[in-house]
Amino acid sequence: MQKSILLIEDDVEISQLIVSALLQENYTVHAAFDGEEALALFHDKEPDLLLLDLMIPKLTGMDLLKKVRETSMVPILIISAKGSDLDKALGLGFGADDYISKPFSMIELTARIHAAIRRATQYHTSESNSTQNLLHYEGLTLDLNSFTANVRGRTVQLTSKEFHILKLFMTNQSRVFTKEQIYHFIWEDDYYGNENVINVHIRRLREKIEKDPSNPQYIRTIWGIGYKLGV
Numbered sequence: 097m098q099k100s101i102l103l104i105e106d107d108v109e110i111s112q113l114i115v116s117a118l119l120q121e122n123y124t125v126h127a128a129f130d131g132e133e134a135l136a137l138f139h140d141k142e143p144d145l146l147l148l149d150l151m152i153p154k155l156t157g158m159d160l161l162k163k164v165r166e167t168s169m170v171p172i173l174i175i176s177a178k179g180s181d182l183d184k185a186l187g188l189g190f191g192a193d194d195y196i197s198k199p200f201s202m203i204e205l206t207a208r209i210h211a212a213i214r215r216a217t218q219y220h221t222s223e224s225n226s227t228q229n230l231l232h233y234e235g236l237t238l239d240l241n242s243f244t245a246n247v248r249g250r251t252v253q254l255t256s257k258e259f260h261i262l263k264l265f266m267t268n269q270s271r272v273f274t275k276e277q278i279y280h281f282i283w284e285d286d287y288y289g290n291e292n293v294i295n296v297h298i299r300r301l302r303e304k305i306e307k308d309p310s311n312p313q314y315i316r317t318i319w320g321i322g323y324k325l326g327v
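Below is the structure:
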């Protein structure tokens, strides 16, 4: 079935270029030029992915991102000229799945869209066919149906990337993963030293599941190598 994308970009020329490229890739595209219009279209069209510029009028991109995440785990790819580490950390922390800075090539953009939609589709397909929907480790339970974790009786809401990172660790409980391996498994893309992206997601995940994020018991750092679950 043809996938649909909601593009939120207030620059008309850039919006038209992206729409044209995505139509050639056989996507259905809905374009919004401000946050309020985008929120209405999101609820009406129920797209398979959001392309979100942070610098949009009426309702900011970050506020829109938070509102969408209140009800949906749809993949969200931030596109923005604001490329500082702070902006990336904020965007990823509020629940975006990926971040691409302007200017970008249409080849790179469409490749990231393909990967994000493929991951989401594969997840829903595999989980709908699975009878094992809970993973457990030392008081931590991961629910594969609801995208939530339960930490000693406390329910934690996870972003898509946080969920998949935690699932990777909990299904490979004795394995140490390098940052390159995490990026390969979760983003399904080549690793170009994107340490900040990995660091942001690990930090945010620790803040949600660890009693003391500065002294983590679940996601442990193996210095000089990477991360693993537990001791």
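If you're matching positions, the sequence shown starts at 97 in my numbering and goes up one per residue.
Built from N, CA and C at the ideal position, the CB exists for glycine as well.
query	result
Which of helix, strand or coil DSSP assigns to D107	coil
Assigned exposure category for G157 - 16 Cβ within 10 Å defines buried	buried
Distance, H126 Cα to K99 Cα	11 angstroms
Cβ-based neighbour list, K257, same chain, cut-off 7 angstroms, excluding 5 preceding and 5 following	D193, I282 and H297
Per-residue burial, V272 [other beta carbons within 10 Å of its own, 16 or more giving buried]	exposed
F190 beta carbon less than 8 angstroms from that of K163	no
Selection from Y195, T317, G131 and R165 that minimises the alpha carbon distance to L155	G131
Boundaries of the beta strand (DSSP E) in which R250 is found, first to last residue	R250 to Q253
Supposed contact pair L150 and S176 - C-beta distance, whole angstroms, cut 8 angstroms	4 angstroms
Beta carbon of L254 nearer than 8 angstroms to that of L262	yes
Proximity to N295 [Cα-Cα], best of Q313, K275 and I305	K275
Residue from G320, E303 and I321 whose Cα sits closest to the Cα of Q313	E303
T167, DSSP secondary structure in three states	coil
Beta-ladder partner(s) of K307, from DSSP	None; K307 has no bridge partner.
Per DSSP, the bridge partner or partners of F273	Y323
Host beta strand (DSSP E) of S197 (start-end)	D194 to S197
Extent of the continuous beta strand (DSSP E) to which S242 belongs	Element bounds for S242: n/a, residue is neither H nor E.
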